[in-house]
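See structure below.
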Amino acid sequence: MTHDLLLPMTAHVAWTALLYVLLTVARAPAVWGVGRRADGSSPWAAVEPRIGANLSNQFEWPVLFYAACLLLMLLGGVNRWAIGLAWLFMIGRVLHSGVQILTTDIRLRGLVFTINFLAVLGLWATVLAAGWR
């Protein structure tokens, strides 16, 4: 069970890699002229900054997710609860990306971020419990 956190961690790495690909595609019209409209504009102009901002977000709160997962593996504290929280975090990251990239609804984005926030806090509570036993 110790290594069961590797899959949601790897899923987040894959998600982040996918966002890099998406950002590269979104920047292609401006950088390489690929996919430019007839008037020279980029069809991705409105969404490209949101993709970039979301990609930056993948290196903020998720750092605490990785730290908690690694500590749980080292402490032998991986259990079904931790695995569920790790997957909840991953699902929350995908939802958060969708909301941030496809909408400008800050309130909804904050609500969706709460899923990630609570999942990581739950993982850290699990780390504390594992460290005290």
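According to full-length UniProt numbering, the sequence shown is numbered sequentially starting from 1. Glycine included, C-beta positions come from ideal geometry on N, C-alpha and C.
Measuring straight from C-alpha to C-alpha, what distance separates Ala119 and Leu128? 14 Å
Helix, strand or coil for Phe117, going by three-state DSSP, please let me know. helix
Mind checking which residues open and close the alpha helix (DSSP H) that includes Ser41? Ser41 -> no alpha helix (DSSP H), and no H or E assigned at all.
8 Å Cβ cutoff met for Thr126 and Ala67: no
Using only the alpha-carbon positions, how far apart do Trp87 and Ser56 sit? 21 Å
Tell me the DSSP secondary structure of Glu60 in three-state form. coil
Can you tell me whether Asn54 is helix, strand or coil according to DSSP? helix
How many whole angstroms separate the CB atoms of Val13 and Ala26, which I take to be in contact at a CB cut-off of 8 Å? Rounded, the Cβ-Cβ distance is 20 Å, inconsistent with contact.
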